[in-house]
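Asker: Got a structure for you, written out below as structure tokens; questions coming shortly.
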Amino acid sequence: MLRKYAVLLGAIAAIAIPMASASAETVLKWAHVYETTEPFHTESVWAADEIKKRTQGRYAIDVYPASQLGKEADINQGLMLGTVDIIISGSSFAAREYPPIGVTYFPYTFRDADHLLKYTKSDVYKALTKGYEDKTGNHIAATTYYGTRQTTSNRPIAKCSDMQGLKMRVPDVPAYLAMPRACGANTAPIAFAEVYLALQNGTVEAQENPLTTIEAKKFYEVQKNIVLTGHIVDHLNTIISAS
Numbered sequence: 060m061l062r063k064y065a066v067l068l069g070a071i072a073a074i075a076i077p078m079a080s081a082s083a084e085t086v087l088k089w090a091h092v093y094e095t096t097e098p099f100h101t102e103s104v105w106a107a108d109e110i111k112k113r114t115q116g117r118y119a120i121d122v123y124p125a126s127q128l129g130k131e132a133d134i135n136q137g138l139m140l141g142t143v144d145i146i147i148s149g150s151s152f153a154a155r156e157y158p159p160i161g162v163t164y165f166p167y168t169f170r171d172a173d174h175l176l177k178y179t180k181s182d183v184y185k186a187l188t189k190g191y192e193d194k195t196g197n198h199i200a201a202t203t204y205y206g207t208r209q210t211t212s213n214r215p216i217a218k219c220s221d222m223q224g225l226k227m228r229v230p231d232v233p234a235y236l237a238m239p240r241a242c243g244a245n246t247a248p249i250a251f252a253e254v255y256l257a258l259q260n261g262t263v264e265a266q267e268n269p270l271t272t273i274e275a276k277k278f279y280e281v282q283k284n285i286v287l288t289g290h291i292v293d294h295l296n297t298i299i300s301a302s
């Protein structure tokens, strides 16, 4: 993770330094939806500190974790509007601006993390990121393995048909919705920061996320079962605003 963020740091610094003369100190906003205990936050803070050092204080970055600046759709919109400068987000959300980049988010596209990471180094992925950048002006500085998405539920699930009628929280993105809806679940696009409460009060009975996020968000406290569906091998992008 540190090595990947060192590459990211170089990319951001390369963009920032030529602009530094515009202000004694420019403060940028870096937003994501992950908890402060997760590596996506701790390494964002590390990178922010390093950028301040390497630009000799000309650039400072305030990191906003845990949906402080809004849900994932909001921070992607903020990137387009120029109200957020850097975000961590999946290609499934980038696909709202450039649909082709979301193609590999559909279930069972990748076997494992190694397969995914080979794809992120491929000419195909480079062409997709260039297409996104040409369309939006934003720059994808790094792509990182997030985890393999698994399902938690208050109902035992042994086969696809066991999800029939299940009230399940799923991000409002076609690729994420594909598997639950194919199995007959009733999906609900509840904001990430509100999922724990929704599970606790019974608004939904199930959700899906990588194991690290399930642990960090403590979903195990309000769910009876975890099912290793492994339906999406997920990744996250660190994206810098064109503005």
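60 is the number of the first residue of the sequence shown in my numbering; add one for each residue after it.
The C-beta atom is built at its ideal place from N, Cα and C for all residues, glycine as well.
Note that the structure is predicted; figures quoted are calculated from it, not measured.
Please name the residue or residues paired with T85 in a DSSP beta bridge.
Answerer: In DSSP, T85 forms a bridge with Y118.
Asker: Rounded to whole angstroms, what is the Cα-Cα separation between G261 and F278?
Answerer: One C-alpha to the other measures close to 13 Å.
Asker: With a CB to CB cut of under 8 Å and the five nearest residues on each side skipped, what residues in its chain are close to H294?
Answerer: Counting only Cβ-Cβ distances below 8 Å, and skipping sequence neighbours, we find G149, S150, L175, T179, T202, T203, Y204, Y205.
Asker: Helix, strand or coil for K189, going by three-state DSSP, please let me know.
Answerer: Reduced to three states, the DSSP call for K189 is helix.
Asker: Taking P215 as the reference, which of V263, N197, N284 has the closest Cα?
Answerer: The candidate whose alpha carbon is nearest that of P215 is N284.
Asker: Excluding sequence positions up to five away, which residues of its chain have a Cβ less than 7 Å from the Cβ of V263?
Answerer: Same-chain partners within the cutoff: K226, M227, R228, A247, I249, A257.
Asker: If you draw a straight line from the alpha carbon of A265 to that of T272, how long is it in whole angstroms?
Answerer: A265 and T272: Cα-Cα distance of roughly 14 Å.
Asker: Buried or exposed: R170, going by 16 or more other Cβ atoms within 10 Å of its Cβ?
Answerer: Exposed.
Asker: Whose C-alpha, out of E84, H100, N197, G190, is nearest the C-alpha of M139?
Answerer: The candidate whose alpha carbon is nearest that of M139 is N197.
Asker: Can you tell me which residues form a DSSP beta bridge with K226?
Answerer: Paired residues: N245.
Asker: Would you tell me roughly how many angstroms separate the C-alpha atoms of E192 and I199, rounded to the nearest one?
Answerer: Approximately 7 Å between the Cα atoms of the pair.
Asker: Could you pull the DSSP bridge partners for E267 from this structure?
Answerer: Looking at the DSSP assignment, E267 forms a beta bridge with T210.
Asker: Would P159 pass as a contact of G190 if the rule is Cβ separation under 9 Å?
Answerer: Taking 9 Å as the Cβ cut-off, P159 and G190 qualify as a contacting pair.
Asker: Taking a contact to mean a Cβ-Cβ separation below 9 Å, would you say A237 touches C219 in this structure?
Answerer: No, these two residues do not count as a Cβ contact at 9 Å.
Asker: Should V183 go down as buried or exposed, given a rule of 16 or more other Cβ atoms within 10 Å for buried?
Answerer: V183 is exposed by the Cβ-count criterion.
Asker: Rounded to whole angstroms, what is the Cα-Cα separation between L187 and E253?
Answerer: Approximately 32 Å, taken between the alpha carbons.
Asker: Can you grab the Cα-Cα spacing for the pair E94 / S212, in whole Å?
Answerer: Distance between the alpha carbons of E94 and S212 is about 21 Å.
Asker: Look at the alpha carbon of P166 and the alpha carbon of F251, and state the distance between them as a whole number of angstroms.
Answerer: If you take the alpha carbons of P166 and F251, they lie about 20 Å apart.
Asker: Would you identify the three-state DSSP class for V143, choosing helix, strand or coil?
Answerer: The answer is coil: DSSP assigns V143 none of H, G, I, E or B.
Asker: Once you ignore the five residues that flank A301 on each side, which residues in its own chain have a CB closer than 6 Å to its CB?
Answerer: Here the set comprises G196, N197.
Asker: To the nearest angstrom, how far is it from the Cα of Y123 to the Cα of L87?
Answerer: Rounded to whole angstroms, Y123 to L87 spans 11 Å at the Cα level.
Asker: Look at the alpha carbon of R155 and the alpha carbon of I146, and state the distance between them as a whole number of angstroms.
Answerer: Straight-line Cα distance between these residues: approximately 15 Å.
Asker: Take the Cβ of E131 as the centre, count every other Cβ of all protein chains shown within 10 Å, and call the residue buried at 16 or more, exposed below.
Answerer: So E131 ends up on the buried side.
Asker: So, at 6 Å on beta carbons, what are the nonlocal neighbours of T168 in its own chain, with the 5 sequence-adjacent residues on each side left out?
Answerer: None.
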